[in-house]
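Under my numbering, the first residue of the sequence shown is numbered 1013, with each subsequent residue one higher. Heads up, the beta-carbon is just placed ideally off N, CA and C, and yes, glycines get one too. Heads up: the structure comes next, in structure tokens.
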Amino acid sequence: MSALPGLLAAAARRCRPRTLRGRLSLIALTTAALVMVVLTVVFNTVVRHRLQQQADGELRTRAGAVAATVDTRHHPVRVLETPGDAALDTNVWIYAGTRLLEHPVSAPPGDKVTRTAAGLAAHGGKRCTTMTAGDRIRLCAEPVGGVRAGAGPVGGVRPGAGPAAVVVTAMDLAPYRASADTLLIASLALDAGVLACTYVLTRLAVGRALRPVRAMTEQATRWSVVASDQRFGAGDRPVELTRLGASLDELLDRIRAVLRHEQQLTRELSHELRNPLARITAELDWWQARPRSTAETHATHASIADAATSMRTICETVLDDARAGAHVVPGTSDVMAVLRRLATRLEAPGKTTLTVSGPDTLVAGAPPALLERIVAPLLDNALRYARTRVALQVSPEPDGIRVAVVDDGPGVPAAFAAHLFQPGRRADPEDGHGGAGLGLPLARRLARSAGGEVTHDPGHTPGTRFVVSLPAG
């Protein structure tokens, strides 16, 4: 017995429509059914009450016609004979007090209907009642003449009081009940028709209303397959669907931004990991070229380990920045120590000299790994394009520190200065130097994540000068 509610709930879940169209149609059908039930009950109640009033009116009319044949001016009360008595006397009882003057041939004095009529006559007032004798029969009493001496008002119930005579008429309610039943069946048939039309029209209307949603779903499916740049836009849609389209467009834009960020992160990681990987490859090639001594082997291992550590630091720094969004874990670093370590790792090619200058007491408000990743792309570019000299110049500022990366290379073309920090842009892709145009955007993004900035000094000549501004630690 305890499992019955669970079985009923499971059956209800299985029978519940799975589509929005079906659910809305079911809700509309249920609502219409409730309304129709209420209206049907009220309508049929009013109809039955009205039919009963009509039956009572007809009974009283007949009673009034019969009362005209009763002579109450003399004692004893008598019934006058008039033409058409047979029609008037059908289902009519006439009482003078408790004395039965006339009754229908089909209802002798001991009959159940006659006893009910006697009860109405004994009450003495205008009153109706319904009884069942095979069929339902309606009886109404109509007092005739004045009140006997010593009696109360007409219609009183005090013993000994009452009218001179009472006419009781009866009527079979079968025709009225048949009419009421016919109206009930007709209203139920009408309800069924209305509910069927409601369900069909609701499904059609909801299906038409959801057609734009289906079209938007198909568009979104196609766009997700081909990675389209199309958007839903305003279109000729209802206001609610227009707002939905705008929300979906914003969601698609955010998804595209996330995808672009992931692509940029991948490019930045590959860009930053290129130098450590090149060092590892070079060390392995050099180590395998000919037999090495134990000291040279240890030096190779140390260089490879240092490059691997650098790769891990790069990955952690870039990923932490991407994960944190606009902020990184706070920290401080010794600027000169970080820059000297970075200068030692990025050896100057050929005859190019690399110098690091500045006070040894400056502390930056950024972790050492982050500071290294900010300056490394700038220094790598400077070493790539410099002719003879690259300098790292550290100086204090009123609100922080400044690191300038200066080289005596060809400089940045004036026409390209506005695109310098755009990802993937290079002034001359065919200049014979490696690079993907991602180092400068990465340096600026990391600097901004620490509350700083990376800028290009267009007034510096000859060569190029980039300035890293960071808050003091």
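In the three-state DSSP reduction, Pro1389 falls in the helix class (H, G or I). Here Leu1383 has Ser1345, Val1350 and Ala1376 as same chain residues with Cβ atoms under 6 angstroms from its own Cβ, once five neighbours each way along the sequence are excluded. In the pairwise beta carbon analysis, the segment 1467-1485 is classified as touching the segment 1414-1422: at least three pairs are separated by under 8 angstroms.
In the three-state reduction of the DSSP assignment, His1313 falls in the helix class. Look at Asp1346 here: in three-state DSSP terms it is strand. If you ignore the 5 residues before and after Pro1029, its C-beta comes within less than 8 angstroms of the C-beta of Arg1035, Ser1037 and Leu1038, all in its own chain and listed in chain order.
As computed with DSSP, Cys1152 is found in a beta bridge with Cys1140 and Thr1181. In the three-state DSSP reduction, Ser1305 falls in the coil class, being neither helix nor strand. Sequence-distant Cβ neighbours of Ala1182 in its own chain, meaning closer than 6 angstroms and more than five residues away, are Asn1103, Ile1149 and Leu1151.
When C-beta atoms of the segment 1038-1047 are compared with those of the segment 1199-1219, three or more pairs fall below 8 angstroms, so the two segments count as touching.
If you draw a straight line from the Cα of Pro1303 to the Cα of Arg1353, it is about 30 angstroms long. Here Arg1139 really is in contact with Ala1153; their C-beta atoms are around 5 angstroms apart, less than 8 angstroms. With fewer than 16 neighbouring CB atoms inside 10 Å of its own CB, Ala1190 falls in the exposed class. Counting C-beta atoms within 10 angstroms of its own C-beta, Trp1298 has fewer than 16 neighbours from the protein chains shown and is therefore classed as exposed. Residue environment analysis places Phe1428 among the exposed positions, since fewer than 16 neighbouring C-beta atoms fall within 10 angstroms of its C-beta. Apart from sequence neighbours up to five positions away, no residue of its chain approaches Leu1296 with a beta-carbon distance below 6 angstroms. Within its own chain, the residues whose Cβ lies closer than 8 angstroms to the Cβ of Val1049, once the five positions on either side in sequence are excluded, are Asp1203, listed in chain order. When the five nearest sequence neighbours on each side are left out, the beta carbons in the same chain lying within less than 6 angstroms of the beta carbon of Gly1157 are those of Thr1084, Pro1175, Ala1176 and Ala1177, in order along the chain. Rounded to whole angstroms, the gap between the alpha carbons of Leu1213 and Leu1041 is 10 angstroms. If you look at Pro1371, you'll find it isn't in any alpha helix (DSSP H); DSSP assigns it neither H nor E. Taking the CA atoms as reference points, His1061 sits about 24 angstroms from Ala1133.
The shortest C-alpha to C-alpha distance from Ile1197 to any of Ala1360, Phe1055, Asp1318 and Ala1075 is the one to Phe1055.
For the 8 angstroms CB-CB criterion, Ala1192 and Leu1063 form a contact. Looking only at Leu1391, Thr1144, Thr1229 and Ser1369, the smallest Cα-Cα distance to Ser1407 is reached by Ser1369. If you look at Ser1407, you'll find it in the beta strand (DSSP E) that goes Arg1401 to Glu1409.
Cβ neighbours of Arg1291 within its own chain (closer than 7 angstroms, five residues either side excluded): Ser1315 and Ala1319. Note: Val1466 is bridge-paired with Val1480 in the DSSP secondary-structure output. Taking C-beta atoms as the reference points, Leu1358 and Leu1391 count as a pair closer than 8 angstroms. Excluding five sequence positions before and after Tyr1188, the CB atoms of its chain that fall closer than 7 angstroms to its own CB belong to Leu1063 and Ala1067, given in chain order. Taking a C-beta distance under 8 angstroms as the contact criterion, Gly1464 and Leu1452 do not qualify as a contact pair.
Note on Pro1361: under 16 other CB atoms within 10 angstroms of its CB, so exposed under the neighbour-count rule. Taking all protein chains in view, the Cβ of Ser1259 is surrounded by fewer than 16 other Cβ atoms within 10 Å, so the residue is classified as exposed.
Between Gly1421 and Thr1373 a beta carbon distance of about 31 angstroms is seen, past the 8 angstroms cut, so the two are scored as non-contacting.
Cβ-Cβ distances below 6 angstroms link Arg1401 to Thr1365 and Asp1420 in the same chain, with the five nearest sequence neighbours on each side left out; the list follows chain order.
In this structure, the straight-line span from the alpha carbon of Thr1126 to that of Val1058 is close to 30 angstroms. Thr1365 has Arg1401 as its beta-bridge partners, per DSSP.
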